[in-house]
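Plus 525 on top of the position in the sequence shown (first one is 1) and you've got my numbering. Structure first, then comments.
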Amino acid sequence: MPSPLTDIAGLDREASVDLMAMLKIMQKKAKNQVVLRNRSSDLKKRESIINYMLELTEQFSLHLSTCFVAISFYDRVFHEFSTDVKTQGKVGIVCLLVAAKYEEKEVNTPSFSFFCNQSYSLFKTVEEISLFEINVVEALHWRLDTVTCSHFIDMLTSLSVLFNDDTYLNRPVSRVARK
């Protein structure tokens, strides 16, 4: 019985090997295009969720470093949840809540009920937020210690290595770390 490599429509061995190699390359390109399309939609989703997290950071008067920590949390756990926009939005909100609890003073941390009211109907009840919070913290494996660039800026400013009027690309460096 002839091998499929030696008898593709009567082609000789070299031509059939070339044809098979070309088909593999075409399959790989098609697969890469699907991955790129999925990746670009994931990036658009991530961008909208991060923008929403930034809006909530401003709305709740949280520090920008808290938002950076929340984004880091989100990047670590988003793949463990459903990919629909509503679920990813919930993950983003809960990451911000967890980051606020970890980073902010207790008086600055918004309550569950306040988050529930401000979440544009993503969460129906406070219990739903608390269940989601448990899932996110478990997805983080309880590792909440995250260092961001704003932490370094705060540290360098406190050590007088950076000063409040220092600039980078004509922008005040201290604005990155503080509101």
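Just so you know, even glycine gets a beta-carbon here, dropped at the ideal spot from N, CA and C.
Quick one: grab the DSSP three-state call for residue i.
i           : result
residue 649 : coil
residue 601 : helix
residue 568 : helix
residue 591 : helix
residue 665 : coil
residue 657 : helix
residue 629 : coil
residue 610 : helix
residue 679 : helix
residue 671 : coil
Who are the near neighbours of residue i in its chain, counting only those whose CB is closer than 8 angstroms to its CB and skipping five residues on each side?
i           : result
residue 517 : This structure leaves residue 517 out entirely; the chain is present only between 526 and 704.
residue 576 : none
residue 652 : none
residue 547 : none
For residue i, count neighbouring Cβ atoms within 10 angstroms of its own Cβ and tell me buried if that reaches 16, exposed if not.
i           : result
residue 675 : buried
residue 659 : exposed
residue 566 : exposed
residue 549 : exposed
residue 647 : buried
Pick from the options: whose alpha carbon is nearest that of residue i?
i           : options               : result
residue 617 : 588, 572, 628 and 650 : 572
residue 668 : 570, 602 and 590      : 602
residue 613 : 629, 653, 570 and 590 : 570
residue 624 : 582, 611, 679 and 650 : 582
residue 588 : 546, 654 and 622      : 622
residue 600 : 568, 626 and 586      : 568
residue 574 : 586, 546 and 608      : 608
Starting from the C-beta of residue i, find all residues in its chain whose C-beta is less than 6 angstroms away, skip the five residues before and the five after it, and write them out in chain order.
i           : result
residue 619 : 657, 658 and 661
residue 606 : 612 and 616
residue 628 : 591 and 594
residue 561 : Annotation note: pLDDT 44 at residue 561 (below 50); position unreliable, no value reported.
Near residue i, which residues of its chain fall below 7 angstroms by C-beta distance, leaving aside the five closest residues on each side in sequence?
i           : result
residue 610 : 570
residue 664 : 602 and 605
| said: Quick test of the definition: if touching needs 3 or more C-beta pairs under 8 angstroms, does the stretch 664 to 681 touch the stretch 596 to 611? | reply: The count of Cβ pairs closer than 8 angstroms, one atom from the stretch 664 to 681 and one from the stretch 596 to 611, reaches three, so the stretches are in contact.
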